[in-house]
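A.B. asks: What follows is a structure written as structure tokens; I'll ask about it next.
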Amino acid sequence: MALVLQHLFSRPDAPKLPPPSGPDVARSWSPVLGLEAPGAAPPQPASAPARSEAAQPKPWSRPQPELPARRDEGLHSQAGPGRQSVCGLGYADSQWLAADVPKPWDQSRQDEVKRLRDHLLPLLRHSADPADQVAAALLARPLWDVGLGADSSSHAAALLAQHSHSAAAYGLAYRACATWPGAACSGLSARRWTELDEQNPSAWLFLLGEAYRAADAAVLAEALYRLSLPQLGMDPGMPLLARAQARMAQARAQALDTAALASEELALVADAMLQTQIIGVDFAMTGNWLQALNRSCSGPALADSNRQQQCQAVARNLLLRGRSLMDMAQALSLAERSGLPAAEWPLQRSDYLAVQAQVGADSEAQAELGESCAAFRLVRSRLAEILRQGEWGFWRAELARQRGAASAPVPTPTP
């Protein structure tokens, strides 16, 4: 768990920019450690959304501290030389804590997360908001499972959303279906999502993906056109985490009142770990449109001057409105590939690389916190800020703070 916290938002494998002359955009995912890689998918209904290209986490490893032959693996009630705090449990050998090896309390931590989740689900399920109900369906699967349990949860979400007039509910269910296609997912379509939320860029990106896979040139051209319009809105991003965070304090209070969680410290840990799992699901649902955008805006397609101008406008929109590191990496690559003049870029390659370097530098700084309560509080506060500003906005602000320019205005995506 220490490494989960340490690298939750410190990802050396954050999206890498391809060389300026490279024709392809690097495929990427914003992984949150603790989620297992998806297993083999069951056969997919022909009309269901295709499984997301972004759903496969990339393994990440860092040099592990060398453990002595004889080491102290016990918990202690008091601090001492070479010991670090283990939030809610006591103190343990710092060198052992830093190693990526199982800890005796791992299972109890997971049990506490499940108990907190069990208090969160009814709050979402019994909400009058259809999107909360869809979120409950997606979170009802076994935690740490992105295999068959995920497919069954997306099936339940699709059943709830297929006749809904709520754009938030429909979009959340569609994202899940595009990543883990359950049986009922064939009843959802990106077209219907665009009808419910016509200014949402994600809806049009998913429609672009559908059109590309169906070889429907007319719909593909329509989706590109809509993505190029200046009045395009902004996708709020991380819809599942947003639903959960709004109810988390109430769920935590209930878990403490019923003694499902024995202390405020254990509740803090369970809260941070559960939100970690949830944002991992959000990151996994980033979309299945990447190949469609690449192929539609590269090579021979750009020989058409109208298509080139359209792709340049799409790149400009994504640079202005993107909220994740992946958004920015793809937008910069598209801007370069389509020949958008650098003077028109609201974000330069050097800006992205500076933020990427900050992400890497932050990793080592967080290692010092181990599994202390301060580490879990940091995770929880970062999650709140990332939800508010977006992943890109958070790291841009963090870079400014590290440079001693926290008071300087930080460019934010245009609504």
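Note that the sequence shown covers residues 1 to 415 in full-length UniProt numbering.
Each residue gets a CB set at the ideal place from its N, CA and C atoms; glycine is no exception.
1. Give the list of continuous alpha helix (DSSP H) stretches no shorter than 4 residues that lie fully inside the stretch 240-307.
2. Tell me whether the stretch 371-391 and the stretch 270-280 touch, counting them as touching only if at least three CB pairs, one residue from each stretch, are closer than 8 Å.
3. Confirm, please, whether the CB-CB distance from Glu391 to Ser324 is below 8 Å.
4. May I ask which residues mark the beginning and end of the beta strand (DSSP E) holding Ser85?
5. Indicate the three-state DSSP secondary structure (helix, strand or coil) for Ala92 in the structure shown.
6. Is it the case that the stretch 84-94 contacts the stretch 366-374, given that we only count it when at least three CB pairs across the two stretches are under 8 Å?
7. Count the C-beta pairs between the stretch 171-186 and the stretch 148-161 that are closer than 8 Å, then say yes if the count reaches three, no if not.
8. If we ignore side chains and look at the alpha-carbon of each, how far apart do residue 417 and Arg252 end up?
9. Give the C-beta separation of Ile278 and Leu139 to the nearest angstrom, bearing in mind that I take them to be a contact with Cβ-Cβ under 8 Å.
10. Suppose contacts are defined by Cβ-Cβ distances below 8 Å. Is Arg226 in contact with Trp204 by that definition?
11. Does the stretch 299-309 come within contact of the stretch 321-340, defined as at least 3 CB pairs closer than 8 Å?
12. Assuming contact is defined by CB atoms lying nearer than 8 Å, are Pro201 and Leu241 in contact in what I supplied?
13. Taking the C-alpha atoms as reference points, what is the distance between Leu208 and Gly280?
14. Measure the C-alpha to C-alpha separation of Asp111 and Pro346 and round it to an integer number of angstroms.
15. Rounded to whole angstroms, what's the CA-CA distance from Ala136 to Pro300? Just pull it up for me.
16. On a Cα-Cα basis, can you pick out the residue from Ala292, Lys114, Gln254 and Arg321 that is closest to Leu229?
17. What did DSSP end up calling Glu112 once you bin it into helix, strand or coil?
18. Grab the span of the alpha helix (DSSP H) containing Arg337 for me, first residue to last.
19. Just verifying my parser: in three-state terms, what is the DSSP assignment at His76?
20. In terms of residue numbering, what span does the alpha helix (DSSP H) encompassing Arg192 cover?
21. By how many angstroms is the C-alpha of Met234 removed from the C-alpha of Tyr352?
22. Do we get a CB-CB distance below 8 Å when we pair Glu385 with the residues of chain D?
23. Is it the case that the Cβ atoms of Leu120 and Ala244 are separated by a distance below 8 Å?
24. Count the other CB atoms within 10 Å of the CB of Pro43; is the residue buried (16 or more) or exposed (fewer)?
25. Distance check for Leu334 and Ala167, CA to CA, integer angstroms please.
26. May I have the straight-line CA-CA distance separating Val113 from Gln356, to the nearest angstrom?
27. Find out if the Cβ-Cβ distance for the pair Tyr212, Gln291 is shorter than 8 Å.
28. Excluding the five sequence neighbours on either side, which residues of its own chain have a C-beta within less than 6 Å of the C-beta of Glu385, listed in chain order?
29. Since Glu344 sits in a beta bridge, which residues does DSSP pair it with?
30. Assign Gly171 to buried or exposed, taking buried as 16 or more other Cβ atoms, counted over all protein chains shown, within 10 Å of its Cβ.
31. Using a Cβ-Cβ cutoff of less than 8 Å, which residues in the same chain neighbour Trp105 once the five nearest sequence positions on both sides are dropped?
32. Taking the continuous alpha helix (DSSP H) assigned at Cys373, which residues delimit it?
33. Pick out whichever of Asp304, Met238 and Leu319 has its Cα sitting closest to the Cα of Met285.
34. So, for Glu265: in the same chain, excluding its five sequence neighbours on each side, which residues have a beta-carbon less than 8 Å away from its beta-carbon?
35. If Arg141 sits next to Ala131, beta carbons under 8 Å apart, how far is it from one beta carbon to the other, in whole angstroms?
36. Taking Glu222 as the reference, give the member of Leu196, Met326, Ser94 and Arg191 with the closest Cα.
C.D. replies: According to the structure shown:
1. 264-284 and 290-296
2. Three or more beta-carbon pairs separated by less than 8 Å link the stretch 371-391 to the stretch 270-280, which places the two stretches in contact.
3. yes
4. Residues Arg83 to Val86.
5. strand
6. yes
7. yes
8. A question about residue 417 goes unanswered here, because the residues of the chain that appear run from 1 up to 415.
9. 7 Å
10. In this structure, Trp204 lies closer than 8 Å to Arg226 by Cβ.
11. Verdict: yes, contact present.
12. no
13. 24 Å
14. 46 Å
15. 45 Å
16. Arg321
17. helix
18. Leu325 to Ser338 is the extent of the alpha helix (DSSP H) around Arg337.
19. Secondary structure at His76: strand, using DSSP grouped into helix, strand and coil.
20. Ala190 to Leu196
21. 20 Å
22. The structure shown has no chain D; it contains just one protein chain.
23. Against a cut-off of 8 Å, the Cβ pair of Ala244 and Leu120 comes out as a contact.
24. With a pLDDT of 32 at Pro43, under the threshold of 50, the predicted position of this residue should be treated as unreliable, and no value is reported.
25. Approximately 28 Å, taken between the alpha carbons.
26. Taking the straight line from one Cα to the other gives about 31 Å.
27. yes
28. Phe394
29. Secondary-structure assignment with DSSP links Glu344 through no beta bridge to anything.
30. Gly171 should be labelled buried.
31. Leu75, Val86 and Leu89
32. Cys373 to Gln389
33. Met238
34. Cys87, Gly88 and Cys373
35. Between Ala131 and Arg141 the Cβ distance is about 17 Å, and since that is not below 8 Å, they are no contact.
36. Arg191
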